[in-house]
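The sequence shown begins at 1 in my numbering and counts up by one.
We put the CB at the ideal spot given by N, CA and C, even for glycine.
Structure first, then comments.
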Amino acid sequence: MRILYGLCFFYQKLIIPSLVISIVLSFLMMKVIDLYVGIGISFIFLTPVFHYLIYEIRTPNEYYFYYNLGLSKIVLWTNTIIVSLIVGLLFILL
1 MRILYGLCFF YQKLIIPSLV ISIVLSFLMM KVIDLYVGIG ISFIFLTPVF
51 HYLIYEIRTP NEYYFYYNLG LSKIVLWTNT IIVSLIVGLL FILL
C-alpha cells in the first residue's frame, strides 16, 4: 500500500502539466488529426519529458524521498512510461 501511495504521489506532479499541454497541442493540431488522438500522442511523449524536467533537473534530491518509500529511479521511470502509454492509448482509442 505504501508503494502504491508513493507512485500516486509521484505521478501527481506529472499528470496535470502533461494533460494541459497535451490538450493545448491537440487543439493546435486539430486540422491534421483527431482531438483525442492528438491528446493521446502528445501525452505519451510529454509525460517522460515532464518527468525529466521536474525530477531530474528541478528537484533531483526528491528521489531520496521515494527511495525511502521503496521506489528506485528505475521503478519510477518505468511507472511513468507505462502509465503514460496506458492513458495515451486510452485517448487514442476513444
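Where does the unbroken alpha helix (DSSP H) through residue 68 begin, and where does it stop? Locating residue 68 in the sequence shown gives position 68, where the first residue counts as 1. Where residue 68 is concerned, the enclosing alpha helix (DSSP H) stretches over 63 to 68.
Give the straight-line distance between the Cα atoms of residue 76 and residue 54, rounded to the nearest whole angstrom. By 1-based counting over the sequence shown, the position of residue 76 is 76. By 1-based counting over the sequence shown, the position of residue 54 is 54. In a straight line, the C-alpha of residue 76 is about 13 Å away from that of residue 54.
Residue environment, residue 10, which counts as buried when at least 16 other CB atoms sit within 10 Å: Against the sequence shown, residue 10 aligns to sequence position 10. It is buried - the Cβ of residue 10 has at least 16 other Cβ atoms within 10 Å.
Residue 38 vs residue 29 beta-carbon contact at 8 Å: Translated into the one-based positions of the sequence shown, residue 38 becomes position 38. Translated into the one-based positions of the sequence shown, residue 29 becomes position 29. Going by C-beta atoms, residue 38 is nearer than 8 Å to residue 29.
Continuous alpha helix (DSSP H) stretch holding residue 94: start and end: Numbered from its first residue, the sequence shown carries residue 94 at position 94. Run containing residue 94: none; DSSP gives neither H nor E here.
Is the beta carbon of residue 7 closer than 8 Å to that of residue 79? As a position in the sequence shown, residue 79 is number 79, starting the count at 1. As a position in the sequence shown, residue 7 is number 7, starting the count at 1. Contact: yes.
Can you give the Cα-Cα distance for residue 89 and residue 36, rounded to whole angstroms? Stepping through the sequence shown from its first residue, residue 89 is reached at position 89. Stepping through the sequence shown from its first residue, residue 36 is reached at position 36. Roughly 10 Å separates the two Cα atoms.
Name the two residues that bound the continuous alpha helix (DSSP H) containing residue 36. For this step, residue 36 is matched to residue 36 along the sequence shown. Run containing residue 36: 35 to 51, per the alpha helix (DSSP H) assignment.
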